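Structure record follows, encoded as structure tokens.
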Amino acid sequence: MSGAEERGESRYDVPLTVPRPDGEPARRNGHRRSTTAATDPASLDEPDTSADEPAAAGPGEGAGAVARPGPAVADRPGDHWDRKVAKGLAFLRRRLSGDYEVDEFGFDPHLTDAVFHPLLRVLYRDWFRTEVSGVEHVPDAGAGLVVGNHSGTVALDALVLSAALHDRHPAHRYLRLLGADLVFRMPVVSEIARKTGGTVACNPDAERLLGNGELVGVFPEGFKGVGKLYADRYKLQRFGRGGFVSAALRTGTPIVPVAIVGGEEIYPMLADIKPLARLLKLPYFPVTPTFPWLGPLGMLPLPSKWLIEFCPPIPTAHLRESADDPLVVFNLADQVRETIQQTLHKLLERRPDPFGP
Amino acid sequence: MTPGGTSGAPGAVVVTGVGRYLGAHVAARLAADPRIDRVIGVDPTPNPEFADLLDGVERIRLDLDSLGGLLADLDVDAVVHLALATAPDPQHGGRAAMKEQNVIGTMQLLAACQRAPRLRKLVVRSSTAAYGASFRDPAVFTEETEPREVPRGGFGRDILDIEGYVRGFRRRRPDVTATVLRFAPFIGSTADTTLTRYFAQPVVPTVFGRDPRLQFVHIDDALEVLHRSVAEEHPGTYNVAGPGVLSLTQAIRRAGRVAVPVLEPGLSGAAAIARSLGFGRYGLDQVDLFVHGRVVDTSRLEREYGFTPRSTAAAFDDFIRAHHGGVVVTRAQLAAAEELVLESIRQVRSAVRERS
């Protein structure tokens, strides 16, 4: 309860902190899209088109040839759709002939760029009005371990984080998420998780990804974080054994803590029906204001306002030898946890209304 | 050192399982190697199919349990054990005979090897099935990865048993160089396995909601690795697979086949029914592979052998070229369909434009 009071108290501080430059992006990326949105989506869609352009021009000469006559009558608005259709068909043909690459973890960048990221873009940009800050703390190249807080009954925060990071980061890096084995036990979900770059949260996989110089995303709270009640919102749960720290230490990878505000309100979990969860072999069975009362409509996430802040990286290269030292590992895990918790409080002050613009 | 052996190459080599494709080709390759004096092929049932191939190989019709005397009498330096059944054959005793051959056969062979005083090299064919299949498995298996669960499939269990016996043999005969090769499924223009027959069908069943990552090794690369294992010194366990990965649906699409997703319990049941009716040899080994997929790390092989097998995609391409007969959807057809749709859209639009 003390946490809630703390937040309530801090609400009154808002006018003191907001007038600083922090307040500015709140309006820039928010609902008022008329001024900046015209340029924004173009820059955001850029990775998308650049990734797909070779698809139309490369193996499919047919598609390229069809798309080219466009410029002759470029002033007609319909040509834009012509090109979209041609691009979509070329994409479909490439998928159906198996003409794409999959890495050893099952990551399919072709599908991720063309299908999953555009969908998530609608979700995080238009539905959640997400503001991202501190992307400069995420390395442009080489390995990095992004550690975040988990929330929201359904782990949308991980997907939003990966899509937002890919779009906003200058190097358009993919975040390789580590997921619980429950994710990989479920059909369809496991397939999607692997295709979007995820893998099972275990040390061999984490170290292999980091060793390959990938950006890895991990949520050490796991189900304790996702499945906590609304009353416990933004209270970081236990961080487990700190396996993520030892993975980072063993590979000398910097740890980038990230605080995500907004995830807690999308499916506010009022109660957890434990017997039903046990029956369905799930970690929890949520009751939200809309679920299960409204049926499938209850699956719609509430449009909360999201803020994501990446914190300065914590270097670990000098601690390589201490990967098995529990004291070092726990201390570092605590440091990461504290950083995220502090940043969460700071972000919450900036966002007095969870469903604000 | 034996008189015939120079720089690690053994004088006399025994190859088991020469009645099968892999054994016959390995024996033929070894016989063609001038560094190796004698190649003796052992199989209980000679297969006339490979008679031409095995010209330079002394063939002995023998069960593995009577191998002991042979190894001692012939002063054998190396044994290559390839006589493994990967799937039960309903015509030849089904699963019971398969286990007899795999597990009991290997036990008898290793017992004979243990008593052979001059033996100094043992090469055993294993499989990446040794890693089992579990949802908590890491994405990529290295040779050190322990299986988390005992596999459900018969072949996987046999492989675990076989590797266990080889470990025991290593303890008892530390002077023998024991090489265990964990092969990914074989593929290529000439390979004929459960998996190649699966991909050769026009309509291919898959598990709903799963797109497993697969790896193959080209049969010619497998022969090369086996050859080097005999001719050179490579003690230890090695993953042998083509680098890179194909997802199952991707492989099916590249082969121009049509995937039909089946619910997993249904597939297990269908496989059981098909087996009991005598056609189709899919077992739980295949179902598990199609749920979990299997990818291994081949860096140890590349480092120690100085040899990189052709990639999984390249090996699969070779298979596609040889099996283009059953193609349902070709790339040209897809491109033509795309062209057709675009053309019709253009025509409709120009018609609308003219009218307005």
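The listed protein sequences correspond, in order, to chains A and B.
FYI, the numbering for the first sequence is 1032 to 1388, going by my numbering.
FYI, the numbering for the second sequence is 182 to 537, going by my numbering.
Even glycine gets a Cβ: it sits at the ideal position worked out from N, Cα and C.
Predicted, not measured: the structure shown is a model, and the values here were computed from it.
B/Ser428 reaches chain A at Val1133, Gly1137, counting residues in chain order whose Cβ is nearer than 7 angstroms.
Contact annotation, B/Ala205 with B/Leu235: C-beta distance approximately 6 angstroms; criterion of less than 8 angstroms satisfied. Using a CB distance below 8 angstroms, no part of the stretch 1334–1364 of chain A faces chain B.
Between B/Ser492 and A/Asp1139, the C-beta gap is not smaller than 9 angstroms, which leaves the two residues out of contact. The Cβ atoms of B/Glu324 and B/Asn228 do not sit closer than 9 angstroms to each other. In this chain, A/His1168 is not harboured by any alpha helix (DSSP H), its DSSP state being neither H nor E. The C-beta of B/Leu376 comes no closer than 9 angstroms to any C-beta of chain A. When C-alpha distances from A/His1168 are compared across A/Ala1290, A/Pro1306, A/Ala1354, A/Gly1294, the shortest belongs to A/Ala1290.
Put simply, of B/Thr511, B/Arg351, B/His408 the residue whose alpha carbon is nearest the alpha carbon of B/Pro215 is B/His408. Distance check between B/Val476 and each of B/Gln295, B/Asp270, B/Tyr312 places B/Tyr312 closest, using alpha-carbon atoms only. Separation of B/Ala212 and B/Gly237 (C-alpha to C-alpha, rounded to the nearest whole angstrom) is 6 angstroms.
Listed along chain B, the residues sitting closer than 7 angstroms to A/Asp1212 by beta-carbon distance are Phe316, Arg317. At least one beta carbon of chain A lies nearer than 9 angstroms to the beta carbon of B/Glu445. A/Tyr1205 places its beta carbon 9 angstroms or farther from that of A/Thr1282.
Taking 9 angstroms as the CB threshold, A/Lys1226 lines the interface with chain B.
For the pair of segments examined, the stretch 1220–1238 of chain A was found not to touch the stretch 1339–1351 of chain A: the number of CB pairs separated by less than 8 angstroms stays below three. Across the structure, B/Ile400 and B/Gly369 are spaced so that their CA atoms are roughly 6 angstroms apart.
Sequence-distant Cβ neighbours of B/Thr374 in its own chain, meaning closer than 6 angstroms and more than five residues away, are Phe367. By the C-beta density criterion, A/Trp1324 is exposed, having fewer than 16 other C-beta atoms within 10 angstroms.
Rounded to the nearest angstrom, the Cβ distance from A/Ala1354 to A/Ser1277 is 5 angstroms, consistent with a contact under 8 angstroms.
Within 10 angstroms of the beta-carbon of B/Ser525 lie fewer than 16 other beta-carbons, which makes it exposed.
Across the stretch 483–515 of chain B, CB contacts with chain A closer than 9 angstroms involve Ala494, Val510, Thr511, Arg512, Leu515, in sequence order along the chain. In the three-state scheme derived from DSSP, where H, G and I count as helix and E and B as strand, A/Ile1371 is classed as helix. For B/Leu444, the closest alpha carbon among the candidates A/Arg1125, A/Met1217, A/Leu1378 is that of A/Met1217. Contact between the stretch 1328–1335 of chain A and the stretch 1288–1308 of chain A is present, with at least three C-beta pairs closer than 8 angstroms. When the beta-carbon positions are compared, A/Glu1252 and A/His1148 stay at least 9 angstroms from each other. Judged by their CB atoms, B/Arg391 and A/Glu1222 are nearer to each other than the 9 angstroms cut-off. Taking C-beta atoms under 8 angstroms as the contact rule, B/Gln431 and A/Gly1129 qualify, at a distance of about 4 angstroms. Among the residues of the stretch 1112–1128 of chain A, those with a Cβ less than 8 angstroms away from any Cβ of chain B are Asp1113, Val1116, Ala1117, Leu1120, Ala1121, Leu1123, Arg1124, Arg1126, Leu1127, Ser1128, in the order of the chain. Setting aside the 5 residues that flank it on each side, B/Phe497 is surrounded in the same chain by Ile368, Phe397, Leu427, Ala432, Arg435, each with a C-beta closer than 7 angstroms to its C-beta; the list follows chain order.
The beta-carbon separation of B/Gly423 and B/Ala503, rounded to 16 angstroms, does not stay under the 8 angstroms limit for a contact. Under the 9 angstroms criterion on CB atoms, B/Arg530 is classed as interfacial with respect to chain A. Nearest neighbour of A/Gly1210 by Cα position, chosen from A/His1197, A/Lys1226, A/Pro1170, A/Gly1387, turns out to be A/Lys1226. Cα atoms of B/Phe316 and A/Lys1259: separation of roughly 25 angstroms, rounded to the nearest angstrom. Using a C-beta cut-off of 8 angstroms, the stretch 292–304 of chain B makes contact with the stretch 257–273 of chain B, since at least three inter-stretch Cβ pairs fall below that distance. Listed along the chain, the chain A residues whose CB falls inside 8 angstroms of the CB of B/Asp392 are Gly1137, Glu1222, Arg1225, Lys1226.
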